[in-house]
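Undergrad:
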Amino acid sequence: MKARILTAVGLAAALAVAGCSSSKSNTGATSAPTGSTAPTTAASASTGGSSGGADNSASGTLTVWLMTDAQQGWPKEVQAANDAFNKKFPNVKVDVEYQTWADHLTKLDSALAATPPDVVELGNTETTKYMSQGALADLTNDKSKFDTSDSWLKGLSDSVTYQGKIYGVPYYAGARGVIYRTDMFQAAGITAAPTTLDELKADGDKLKAKYGSNPNFSALYWPGKNWYGAMSFVYGYGGNIATGDGGKWTANLESSQAQAGLTELKSLVDDLSKAPKDGDESKQDSVMAQGNVAMIYGNGWEVGSVTASKDKGGNPDLADKVAAFPLPGQDASKPLPSFLGGSDLVIPAASKNAAWAEEWINDFTGKDGMTALVNDAKVIPNTTSLLNLLGDSPFAKAAQESWFVPTAPNWADVESQNVLQTMLANIMTGKQSIADATKSADQQINSILNKS
Amino acid sequence: MSAVTVGRRRGAVPAIHSKRAGGVKSKHGGLIANVIGVLVIIVMLFPVYWAVATSFKRGLDMNRITPEWFPAPGTLQHYRDAWNKDYFLSSLKNSAIVVASVVVIAIVVAFFGAIAIARTKFRGRRAYIVLIMGIQMIPQVALIVPLFVLLSKFGLQNKLFGLTVTYLAFVLPFCVWTLRGFVANIPKDLEEAAMIDGCSRAGAFMRVTFPLIAPGLVATAIFAFIQAWNEFIFAYVIMQQNSKWTVNIWLASFITQQQIDWGGLMAGATLLAIPIVILFMFVQRFVATGLTAGAVKG
Amino acid sequence: MAAAGTQALPSTSRRRPSPRRRPLRTRLGRRGGPYLLILPSLLAIAAVLAYPVYELFKLSFQKFGLAQIIHESNDKLGKPAPWVGLANFREAFKDPQFWATLQRTVIFTAVNVGATLVLGTAIAVLMGRLAKPIRLALTAVLIFAWAMPQLVSLTIWNWMFDQEFGVVNYILTKLHFGHFLHHNWYTSPWQGFMVATFIVVWGAIPFIAITMHAALTQVPEELLEAARVDGASPLQVFRRVMLPILRPILIILTSLSVIWDFQVFTQVFVLRDNRPEPWYYLMSIFSFQQSFKVHDFGYGSALSVVTLLILLIVSVSYIRQMIKIGEAQ
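Residue numbers (our numbering), protein chains in the order written: chain L, 1 to 452; chain U, 1 to 298; chain B, 1 to 329.
1. Among the residues of its own chain, which have a CB less than 6 Å from the CB of tryptophan 157(B), if the five just before and after it don't count?
2. Please state whether the Cβ-Cβ distance between isoleucine 313(B) and leucine 112(L) is less than 8 Å.
3. Once DSSP output is grouped into helix, strand and coil, what is the label at serine 213(L)?
4. Could you tell me the distance, in whole angstroms, from the CA atom of asparagine 82(L) to the CA atom of tryptophan 360(L)?
5. Does DSSP put serine 51(L) in a helix, a strand or coil?
6. Measure from the alpha carbon of glycine 375(B) to the alpha carbon of each residue in Leu250(B), Pro278(B), Thr307(B), Ser73(B), then state which is nearest.
7. Along the chain, where does the alpha helix (DSSP H) that runs through threonine 61(L) open and close?
8. Apart from the five residues just before and just after valine 208(U), which ones in its own chain have a Cβ nearer than 7 Å to its Cβ?
9. Over the uninterrupted alpha helix (DSSP H) stretch that includes glutamate 222(B), give me the two end residues.
10. Helix, strand or coil for tyrosine 162(L)? Go by DSSP, reduced to three states.
11. Distance check for leucine 136(L) and serine 21(L), CA to CA, integer angstroms please.
12. Give the straight-line distance between the Cα atoms of threonine 30(L) and leucine 389(L), rounded to the nearest whole angstrom.
13. Shortest alpha-carbon distance to glycine 366(L) belongs to which of Ala58(L), Thr125(L), Asp150(L)?
14. To be precise: take each residue of the region 270-285 of chain U, compare its Cβ to all Cβ atoms of chain L, and keep it if any distance is under 9 Å. Which residues remain?
15. Helix, strand or coil for arginine 207(U) per DSSP?
16. Please state whether DSSP places phenylalanine 282(B) in a helix, a strand or coil.
17. If distances are taken between C-alpha atoms only, which option among Glu199(L), Val160(L), Ala354(L), Asn450(L) comes closest to threonine 61(L)?
18. Apart from the five residues on each side of it in sequence, which residues of its chain come closer than 8 Å, Cβ to Cβ, to asparagine 230(U)?
19. Along chain L, which residues have their Cβ under 7 Å away from the Cβ of histidine 295(B)?
20. For isoleucine 260(U) and valine 169(L), what's the separation of their Cα atoms in angstroms?
21. What's the call for phenylalanine 70(U), buried or exposed, on a 16-neighbour Cβ count within 10 Å?
22. Going by the DSSP bridge assignment, what does methionine 295(L) pair with across the sheet?
23. Any C-beta of chain L sitting closer than 8 Å to the C-beta of leucine 66(B)?
24. Proline 244(B) lies in the alpha helix (DSSP H); which residues open and close that run?
25. Which runs of the beta strand (DSSP E), 3 residues or longer, sit entirely within the region 230-311 of chain L?
26. What span of residues does the beta strand (DSSP E) with proline 170(L) cover, start to end?
27. When you compare only the Cα positions, how much space is there between lysine 312(L) and valine 78(L)?
28. Assuming leucine 424(L) and alanine 275(L) are in contact, meaning their beta carbons sit under 8 Å apart, how far apart are those beta carbons, in whole angstroms?
29. For the alpha helix (DSSP H) that glutamate 91(B) lies in, which residues bound it at each end?
30. Looking at chain L, is there any beta carbon in it that lies within less than 8 Å of the beta carbon of serine 73(B)?
31. When you compare the CB positions of valine 141(U) and phenylalanine 265(B), do they come within less than 8 Å of one another, or not?
32. So that I know if they touch, is there some Cβ in chain B lying closer than 8 Å to that of proline 116(L)?
33. Give every residue of the same chain whose Cβ lies closer than 7 Å to the Cβ of leucine 224(B), excluding the five residues on either side of it in the sequence, and list them in chain order.
34. Of all Cβ atoms in chain L, is any one closer than 8 Å to the Cβ of phenylalanine 148(U)?
35. For methionine 288(L) versus valine 178(L), is the C-beta spacing smaller than 8 Å?
36. Determine the extent of the alpha helix (DSSP H) in which tyrosine 236(U) is found, giving its start and end residues.
Here it is in structure tokens:
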């Protein structure tokens, strides 16, 4: 109990410092930390210190924004976190508010201008801008408060780190792999999953030979705008999207490595895919459930949607005919790296309940909460220490060999302006050569990332 | 020229004239017109049909390369899902409260404004009209953040009242403008005559003016209704707690990163459409007479 | 009572009001009456919109990003917004994207307004020529379409034009309009905007058609008969007899359509899966992207201000007419 009071006080100090450090860049007021940024719990902890453990009786509301995925997928685990939290703080009401991906940042921006929530789920590619502008509370000194912080998944912990400081807590991840139809592979005479890109191509041709009479058949269904997949080729061939040096960013898609990767991808797609060349991957699990597709490159959870009940849009007949393997690379020892998508939980710098927020986050994403979440929803945990819960899943393996987007403050603008999707659509439809398309993408990325 | 004059007279008292060109003319309609009419019905109806049909389809059958025209074999699973989905009834209740408040208040308030510009001359009348027109030209997305800041300063975020006043401000201009047409269309002499005949001012208004404006009020109310019922982004930003959702936010919650629950979304939308359609069928008679009576004047 | 009043209409129109019982109009017109009447609407509009509109203009003269947003909530966070004068506007006028977007928006508006009005009026005329059950069915369908939540109708449209499972591609192919299976409607912006136009027009037709139909029902039948007896063709009847009567309502509907279509946002945004490519930007989308995606609220606000000014200028003559209408009373 006492320890908790101490951490609360320590946290108050830490946050006061955080408030101070983020205002350092201010032109004007850089005055000493004052009560307004310190969390209310700290205040109540110090005033009630004499009676011992009085912070437990503090009352208020902790506002948590989670995405609708939690509402649909794992409401039990959210409730469990609330219960665990309320055991410690019985008088604090936890208000979990569910958000939609399409509009949640618009809502967050509005809330940041007035009364922000206390815990916010952000996609791991959305965090950098908010970190760099001082919108999020600095948790560097509290990192040890979070159970699994010593083994956070690198792809996620990178996304909450900005200039050496920690501004959030990894929540869960998703990695990609090739999801395939075992029965089709067998029927086409393929005995083992491919381990190199050449094998993948050869297998694809066998599948085409077997099923090609169906005009809708794709051996590998790969929509042209699947930029997460495309960048795996770029990184796997030794290229990257952009590199930063002291705040100056340089886009590298024109590099010969990146172009080699994209060339390889284009030939693969031209040969094996009937997917829309300027479509995205959002419907691919449904396509696979229809039965016209032998392979897709997708997220782990898509296995579940492909084989879900018919009412839910899946095809349960495929239940034991779908498996996965990592996307192979040039040689068998090195599969192409997967993009590690996922979510983080952050605390807005202006939150008045940061101490509670940290407690709740740990109740939700700490060891116990995460174990339940992985067992129930099969997501990739925020920590390598729990990866074994997923057995020898190729997705869990892919999570360890991953790439991540450049951590430039303006990266989100590159995504929101669809620079990479546009480039890929131009390449895949043949509108532009790879050299031209990458060149113009580089120009755009450079100008966005280096915009002050 | 004379046509215009007659038109005005006719427009002036829409409720009284029963013989209408449109209605009578149907006898001239030939086979071709009716065939075209059916084609138009098909084109206009198809998306609606497709939504309803989808709500009965099994998920697997929704994305068929050869479309499944009828939901057979169908399922009621999506309706069960939608009905049991969290916050359905509370969202419906919130929407009902907000929409009803908006419609009633907007009509009363807009009616006052309409009388002022249609029946009186005053300094600032032009400015008022320009304001009413100009407000409709402001891109609404630009107002999201400052509006939220404003509401939260007064503690009105998360409050049905906050959303209600927001919608009021957005629908009032159109309502004032449309109602102005209806009020202007009623010959002022009518009311005067009634008063000469011994009616009190209130009596003259209630017994002469009001019945003539009623269709206009209904038409305007419907517009306000549709605006408030269908609005999404302001409701989403302002109403944060799940228990304060309106129906559109509830519908949007069928969409997650992992998937769109097509069936649930369409079933939910169909459920929500039922009361609306009943209401509309009920008042559609007024829509036709209402909207024009005001507009023809001019 | 009402009927009596109507009967009396022609004769009373020149009669002076009785000095004892002054009509509503004059009593209210004397002093504060009008002001009392407009007060509630002014209050509601001002209370909600005065501050946001002020902010909109203010922001357009500022450099306003995420750091400034945070600063709004707490002085110790973020940074205050620097004034930049007309820099945002200069940036817009130098930005080729701005000019391309503006041009696109103007064309899109013109096409949509034109198509909506022509088709809406055509359907309204058609409604007058239909057998009763078909007319009722059409009215019901129009109302169905009108009442459908936009979120749902757009989802459905998006799906119907889907490259792979789109029922539109299937139907066009089966009807032998060509090989449309796997046809992507969005590769070419022309086709993409055609789809968007289709959807916008579909959504706007109910309002226009029902209103125009009502307007047509008030064209006196005797007049049409007379014209027909004189040997006028249907087109001539429409142009010479109907159109003059419909003119005022056409003006109102045109101007409202211009205002609405110039600000089309959701249809194109959702059609492009919430990620419109730059060549699908309309002014509203451009402004939204700059504000909420790029977090350059200053620039985004400037774009909104420009939109507002353009609409105001375009509708000056319309507003003049509108002011006059009231005054003629």
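Positions of the beta carbon are idealized from the N, C-alpha and C atoms, including for glycine.
TA: Based on what the coordinates show:
1. Here the set comprises Ile199.
2. Going by C-beta atoms, isoleucine 313(B) is not nearer than 8 Å to leucine 112(L).
3. Serine 213(L): coil per DSSP, three-state reduction.
4. In a straight line, the C-alpha of asparagine 82(L) is about 7 Å away from that of tryptophan 360(L).
5. At serine 51(L), the pLDDT of 33 sits below 50, so the modelled position is not reliable; the number obtained from the coordinates is stated separately. In this structure, serine 51(L) counts as helix in the three-state DSSP scheme.
6. In the structure displayed, chain B extends from 1 to 329; residue 375(B) sits before or after that span and is not available.
7. Counted as a single uninterrupted DSSP element, the stretch harbouring threonine 61(L) is not any alpha helix (DSSP H) but the beta strand (DSSP E) occupying residues 60-67.
8. If we look at valine 208(U) and ignore the five residues flanking it on each side, its Cβ neighbours are Leu190, Glu191, Ala194.
9. 221-229 is the span of the alpha helix (DSSP H), which, as asked, contains glutamate 222(B).
10. Strand at tyrosine 162(L).
11. Since pLDDT at serine 21(L) reaches only 33, below the 50 mark, its modelled position is unreliable, and no value is offered.
12. Caution applies to threonine 30(L), whose pLDDT of 33 falls short of 50 and renders its modelled position unreliable; the model cannot decide the point.
13. Ranking the options by Cα distance to glycine 366(L), first place goes to Asp150(L).
14. Listed in chain order, the positions of the region 270-285 of chain U with a beta carbon within less than 9 Å of a beta carbon of chain L would be empty, since no residue qualifies.
15. Helix at arginine 207(U).
16. With the sequence shown as reference, residue 282(B) is identified as leucine, and phenylalanine is not the correct amino acid for it. Looking at leucine 282(B) - three-state DSSP - the assignment turns out to be coil, as it is neither helix nor strand.
17. For the residues Glu199(L), Val160(L), Ala354(L), Asn450(L), the minimum Cα distance to threonine 61(L) belongs to Ala354(L).
18. Closer than 8 Å at Cβ, skipping near neighbours: Asn248.
19. Result: Lys129.
20. It is roughly 27 Å from the alpha-carbon of isoleucine 260(U) to the alpha-carbon of valine 169(L).
21. Exposed: under 16 other Cβ atoms inside 10 Å.
22. Paired residue(s): Tyr180(L), Leu220(L).
23. Interface criterion met: the Cβ of leucine 66(B) is under 8 Å from a Cβ in chain L.
24. Proline 244(B) -> alpha helix (DSSP H) spans 243-262.
25. With a minimum length of 3 residues, the continuous beta strand (DSSP E) runs that stay inside the region 230-311 of chain L are 242-245, 248-251, 293-299.
26. Counting along the chain, the beta strand (DSSP E) containing proline 170(L) begins and ends at 168-174.
27. Each residue's alpha carbon lies about 23 Å from the other.
28. The pair is not a contact, with the Cβ atoms about 12 Å apart (cut-off 8 Å).
29. Here the alpha helix (DSSP H) through glutamate 91(B) covers 87-94.
30. Interface with chain L (8 Å Cβ-Cβ cutoff): serine 73(B) is included.
31. Contact: yes.
32. Yes, because at least one Cβ of chain B sits closer than 8 Å to the Cβ of proline 116(L).
33. Hits under 7 Å: Val237, Val241.
34. Cβ-Cβ to chain L under 8 Å: yes for phenylalanine 148(U).
35. No, Cβ-Cβ distance for methionine 288(L) and valine 178(L) is not below 8 Å.
36. That run of the alpha helix (DSSP H) goes 233-238.
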